[in-house]
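Q:
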Amino acid sequence: FFPSCLFAGLTLLRASIEQVHWKEVWNSLPRSMQTASFLPIIPVLQVTYKAPEPKGEHYFAESFDRGTLDGWVLSQAKKDGIDEEIAKYDGKWEVEEMKDTKLPGDKGLVLKSRAKHYAISGLLLRPFTFDTKPLIVQYEVNFQTGIDCGGAYVKLLSQSPDLNLDQFVDKTPYTIMFGPDKCGEDYKLHFIFRHRNPKTGEYEEKHAKKPETDLRTYYTDKKTHLYTLVLNPDNSFEVLIDRTVVNSGNLLADMTPSVNPPAEIEDPDDHKPEDWDERPKIQDPDAVKPEDWDEDAPAKIPDDHAVKPEGWLDDEPEYIGDPDAIKPEDWDEDMDGEWEAPQVPNPACESAPGCGKWERPMIDNPSYKGKWKPPMIDNPNYQGVWKPRKIPNPDFFEDLHPFRMTAVSALGLELWSMSSDIFFDNFFITSDRNAADHWAEDGWGLKKAAEGAAEPGLVSQMISAAEDRPWLWVVYVLTVALPLVLVIVFCCTGKKKEGPSAAEYKKTDEPQPDVKDDAEDEKAEEEEEEEADKQEEAEDKSDEVGTLFMRHFQILLHLD
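To get our numbering, take the position in the sequence shown, counting from 1, and add 1108.
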């Protein structure tokens, strides 16, 4: 098993390095090595693109595979409050394939320009009303060239008779904002909804808590990721990336600021009394400084037990003028003063314990007590930390159904980005979970399969993974090297050679030792049979180790 495994593995490694299709190399192997046990580690997936088709009830579905922006409206408005030069929403959009596409024919909406404002939107098939059905929003994003600073989020625009898509700007009312956003090292995944105050009619943004998941990889790996928001009529929500939940909660409990204001607030007209005592401790007014307390005693005193080291050079200075120094020619004593050579360490002090006047070293003064202060005692007049009294909140309201948001009638992207070539695809809005799953499988699922099929070979993946996570080398040793050693031990350790049997002696006329009796012959034969059984068992174990070895390789493929 081991020689075959090693030869096949090295052959496949050559295919990976030389970028030759694995099948060409595989067919060059001897048939004995083309066993099914190797097949699971070889990428055989070949993906053909087919545009996703919406199934079930939905409100919006866009795959861009028609190659046009039909149904989308570019904003003609200008952004208020900024320089005229950058106020226009003039960022360029294109419908095209990804630069390094793994699915020829798969097109998407691409943000092409840097340092521009973008605004584009499209009407839903019909408005979505928040009543008894969940809202599911999902779409794909690929930061093809990475991202420095910019957003890739969507806005669900509020239904209104005043909604004009060609005047779509940052202040256009929206109901939900959702998606990735990044600037510097701040990686965000927004979920914001605008809640209407039932008392005043004013709207306020409510932000979901920040996901605990590390989002960095989704912005840097240059792969296509699926972003999904699920809002349920019971006020629960889920945020998913690649169909995995990264954030979840409840609109009533996990939004900032809270949907409902507190029932009581601090009285703004209440003030702390002047005689309110908040000091928990005070100096003891009855304490008296001890008569023997010396506040003037120094903290340090000379060490009376210190002795000047022998050889100390009292008459030699520690530093002397540099005898090799020369006064600069342009030195003007009237302007610069009398010239003096720079100071250098006295060479006479190099071999001595010290030079100059010797002084006793300073030590802590055992009699030092410092400034006397009265001890602290509990304050008998302590009243605690003052807080204003609570009064009923005049603005209090209780909305137990924040899911019932303002209906939405359009989806839009209103963005600013310092990065270009951001790829958007497969927007989908529905209330049917099965429809969302089908759309995800037919769209993002196909991309994921194609990207997986184009991944580097096994050895390259292992080395690349270990560059980011050095601890994987330990895993490789335990899961690959150790089984290899066991394979070698089981496969290369032969049966110990024994002397000729009694039956073999009878076939020759050469001098020979006395032949054992029949009982001894039978015993020898039994021992030979036992040895053969052990050898067969060892070979079985070798096969088991080989199988385990292959399984470890397969597991390593999926460490990420």
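Backbone N, C-alpha and C define an ideal beta-carbon position, used for all residues, glycine too.
1) Output needed for SER1171: all residues of its chain with C-beta closer than 6 Å, excluding positions within five of it in sequence on either side, in chain order.
2) I'd like to check one pair, LYS1163 with ALA1558: are the Cβ atoms closer than 8 Å?
3) Using 10 angstroms around the beta-carbon of ILE1434, count the other beta-carbons present and answer buried if the total reaches 16, otherwise exposed.
4) In chain order, what residues of the same chain have a beta carbon less than 8 Å from the beta carbon of ARG1222, not counting five sequence neighbours either side?
5) Spatial neighbours of ASN1501 within its chain, please: CB distance less than 8 Å, with the 5 preceding and 5 following residues excluded, ordered by chain position.
6) Roughly how many angstroms lie between the CA atoms of GLU1386 and LYS1481, to the nearest whole one?
7) Does the Cβ-Cβ distance between THR1240 and PRO1341 come in under 8 Å?
8) Taking all protein chains shown into account, do 16 or more other C-beta atoms lie within 10 angstroms of the C-beta of VAL1493, making it buried, or fewer, making it exposed?
9) Let me know the beta strand (DSSP E) ranges lying completely inside the stretch 1364 to 1414, each 3 residues or longer, listed in chain order.
10) Do the CB positions of MET1484 and ILE1409 come within less than 8 Å of each other?
11) According to DSSP, which residues form a beta bridge with GLY1520?
12) Is the beta carbon of GLY1287 closer than 8 Å to that of TYR1261?
13) Determine the direct distance from the alpha carbon of GLU1458 to that of ASP1412, and round the result to whole angstroms.
14) Can you tell me which of the three DSSP states VAL1245 falls into?
15) Cβ atoms of LEU1519 and GLY1259: under 8 Å apart, would you say?
16) What residue range is occupied by the uninterrupted beta strand (DSSP E) comprising ARG1174?
17) Rounding to the nearest angstrom, what Cα-Cα distance links CYS1257 and TYR1335 in this structure?
18) Taking 8 Å as the threshold, find out whether the stretch 1348 to 1363 comes into contact with the stretch 1297 to 1317 through three or more Cβ pairs.
19) Can you give the beta carbon distance from ALA1414 to TYR1476, rounded, assuming they're within the 8 Å contact cut?
20) Near GLU1549, which residues of its chain fall below 8 Å by C-beta distance, leaving aside the five closest residues on each side in sequence?
21) Do GLY1213 and PHE1532 have their CB atoms nearer than 8 Å?
22) Looking at the unbroken beta strand (DSSP E) that takes in TYR1295, where does it start and where does it end?
23) Where do the ends of the alpha helix (DSSP H) carrying MET1443 lie?
24) Where in the stretch 1488 to 1540 do unbroken runs of the beta strand (DSSP E), each at least 3 residues long, occur, reported from the N-terminal end onward?
25) Our contact map puts PHE1251 next to SER1183 with C-beta atoms below 8 Å; I'd like the distance itself, whole angstroms only.
26) Keeping to the same chain, check which residues put their C-beta closer than 7 Å to that of ALA1449; ignore five residues upstream and five downstream.
27) For the candidate residues ASP1289, LYS1307, GLY1189 and ILE1390, whose alpha-carbon lies nearest to that of GLU1506?
28) Of the choices ASP1270, ASP1188, SER1366 and HIS1379, whose alpha-carbon is the least far from that of GLU1312?
29) Using the C-alpha atoms, what's the distance from THR1325 back to TYR1197?
30) Can you give me the C-alpha to C-alpha distance between LYS1318 and LYS1397, rounded to a whole angstrom?
31) So what does DSSP say about GLU1165, is it helix, strand or coil?
32) Under the assumption that TRP1466 contacts ASP1394 (Cβ atoms under 8 Å), give the Cβ distance between them as a whole number of angstroms.
33) ILE1284: which of CYS1291, TYR1247, LEU1337 and ASP1274 sits nearest, CA to CA?
34) What are the boundary residues of the alpha helix (DSSP H) that includes GLU1192?
35) Between the Cα of GLU1202 and those of GLU1192, TYR1226, LYS1187 and LEU1211, spot the shortest distance and give me the residue it belongs to.
36) Kindly indicate which residue of TYR1327, LYS1220, SER1517 and ARG1174 has the alpha-carbon position closest to the one of CYS1291.
A: Reading off the structure:
1) One-based indexing of the sequence shown puts residue 1171 at position 63. So the list reads ALA1159, PRO1160 and ASN1534, once near-sequence residues are dropped.
2) Position 450 of the sequence shown, counting from 1, holds the residue named residue 1558. Position 55 of the sequence shown, counting from 1, holds the residue named residue 1163. Contact: no.
3) The residue given as residue 1434 occupies position 326 in the sequence shown. Looking at its Cβ environment, which holds fewer than 16 other Cβ atoms inside 10 Å, ILE1434 is exposed.
4) Residue mapping note: residue 1222 aligns to position 114 of the sequence shown, counting from 1. Closer than 8 Å at Cβ, skipping near neighbours: SER1525, MET1526, SER1527 and SER1528.
5) As a position in the sequence shown, residue 1501 is number 393, starting the count at 1. Here the set comprises PRO1369, PRO1370, ALA1371, GLU1372 and ILE1373.
6) Along the sequence shown, read from residue 1 onward, the residue named residue 1386 stands at position 278. Along the sequence shown, read from residue 1 onward, the residue named residue 1481 stands at position 373. Between GLU1386 and LYS1481, the C-alpha separation is close to 21 Å.
7) Position 132 of the sequence shown, counted from the first residue, corresponds to residue 1240. Position 233 of the sequence shown, counted from the first residue, corresponds to residue 1341. Going by C-beta atoms, THR1240 is nearer than 8 Å to PRO1341.
8) Numbered from 1 along the sequence shown, position 385 holds the residue referred to as residue 1493. The residue is exposed, with fewer than 16 neighbouring Cβ atoms inside 10 Å.
9) Scanning the stretch 1364 to 1414 from its first residue to its last, the whole beta strand (DSSP E) runs of 3-plus residues come out as 1372 to 1374, 1389 to 1391 and 1408 to 1410.
10) The residue you call residue 1484 lines up with position 376 of the sequence shown. The residue you call residue 1409 lines up with position 301 of the sequence shown. Result no, Cβ atoms of MET1484 and ILE1409 do not sit closer than 8 Å.
11) Residue mapping note: residue 1520 aligns to position 412 of the sequence shown, counting from 1. SER1229 and LYS1263.
12) What you label residue 1261 is simply residue 153 of the sequence shown in a count that begins at 1. What you label residue 1287 is simply residue 179 of the sequence shown in a count that begins at 1. Their beta carbons are under 8 Å apart, which means TYR1261 touches GLY1287 by this criterion.
13) As a first step, residue 1412 must be located in the sequence shown, where it is residue number 304. As a first step, residue 1458 must be located in the sequence shown, where it is residue number 350. Their Cα atoms are separated by approximately 27 Å.
14) What you label residue 1245 is simply residue 137 of the sequence shown in a count that begins at 1. Note: VAL1245 maps to strand in three-state DSSP.
15) Residue mapping note: residue 1259 aligns to position 151 of the sequence shown, counting from 1. Residue mapping note: residue 1519 aligns to position 411 of the sequence shown, counting from 1. No; because the gap between Cβ atoms is not below 8 Å, this pair is not in contact.
16) What you label residue 1174 is simply residue 66 of the sequence shown in a count that begins at 1. Neither: ARG1174 is in no beta strand (DSSP E) and is coded neither H nor E.
17) The residue given as residue 1257 occupies position 149 in the sequence shown. The residue given as residue 1335 occupies position 227 in the sequence shown. Looking at the two C-alpha atoms, the distance is approximately 19 Å.
18) yes
19) In the sequence shown, residue 1414 corresponds to position 306, counting from 1. In the sequence shown, residue 1476 corresponds to position 368, counting from 1. Not quite, the Cβ-Cβ distance comes to about 19 Å (not below 8 Å), so this is no contact.
20) Walking along the sequence shown from the start, residue 1549 turns up at place 441. Cβ neighbours of GLU1549 beyond the five flanking positions: none.
21) Numbered from its first residue, the sequence shown carries residue 1213 at position 105. Numbered from its first residue, the sequence shown carries residue 1532 at position 424. Cβ atoms of GLY1213 and PHE1532: not closer than 8 Å.
22) Your numbering for residue 1295 matches position 187 in the sequence shown. In the DSSP annotation of this structure, the continuous segment of the beta strand (DSSP E) that includes TYR1295 starts and ends at 1294 to 1304.
23) Residue 1443 sits at position 335 when you count from the first residue of the sequence shown. Unbroken alpha helix (DSSP H) run through MET1443: 1441 to 1444.
24) 1498 to 1500, 1516 to 1525 and 1530 to 1538
25) The residue you call residue 1251 lines up with position 143 of the sequence shown. The residue you call residue 1183 lines up with position 75 of the sequence shown. Contact flag wrong, Cβ pair sits at about 23 Å.
26) Within the sequence shown, residue 1449 is the residue found at index 341, counting from 1. So the qualifying residues of the chain are GLY1429, ASP1430 and ALA1433.
27) Residue numbering aside, residue 1506 sits at position 398 when the sequence shown is read from its first letter. Checked all of ASP1289, LYS1307, GLY1189 and ILE1390; the closest Cα to GLU1506 is LYS1307.
28) Against the sequence shown, residue 1312 aligns to sequence position 204. Of the candidates ASP1270, ASP1188, SER1366 and HIS1379, the one whose C-alpha sits nearest the C-alpha of GLU1312 is SER1366.
29) Within the sequence shown, residue 1197 is the residue found at index 89, counting from 1. Within the sequence shown, residue 1325 is the residue found at index 217, counting from 1. Pairing TYR1197 with THR1325, the inter-Cα distance amounts to about 30 Å.
30) Locating residue 1318 in the sequence shown gives position 210, counting from the first residue. Locating residue 1397 in the sequence shown gives position 289, counting from the first residue. So the two alpha carbons sit approximately 58 Å from each other.
31) The count along the sequence shown starts at 1 and reaches residue 1165 at position 57. GLU1165 sits in coil when the DSSP states are folded into three classes, being neither helix nor strand.
32) Position 358 of the sequence shown, counting from 1, holds the residue named residue 1466. Position 286 of the sequence shown, counting from 1, holds the residue named residue 1394. About 50 Å separates the two Cβ atoms, so there is no contact after all.
33) Against the sequence shown, residue 1284 aligns to sequence position 176. Looking at the Cα atoms, LEU1337 is the closest of the given residues.
34) Residue mapping note: residue 1192 aligns to position 84 of the sequence shown, counting from 1. For GLU1192, the uninterrupted alpha helix (DSSP H) run begins and ends at 1192 to 1195, by DSSP.
35) The residue given as residue 1202 occupies position 94 in the sequence shown. Of the candidates GLU1192, TYR1226, LYS1187 and LEU1211, the one whose C-alpha sits nearest the C-alpha of GLU1202 is TYR1226.
36) Within the sequence shown, residue 1291 is the residue found at index 183, counting from 1. Among TYR1327, LYS1220, SER1517 and ARG1174, the Cα nearest to that of CYS1291 belongs to TYR1327.
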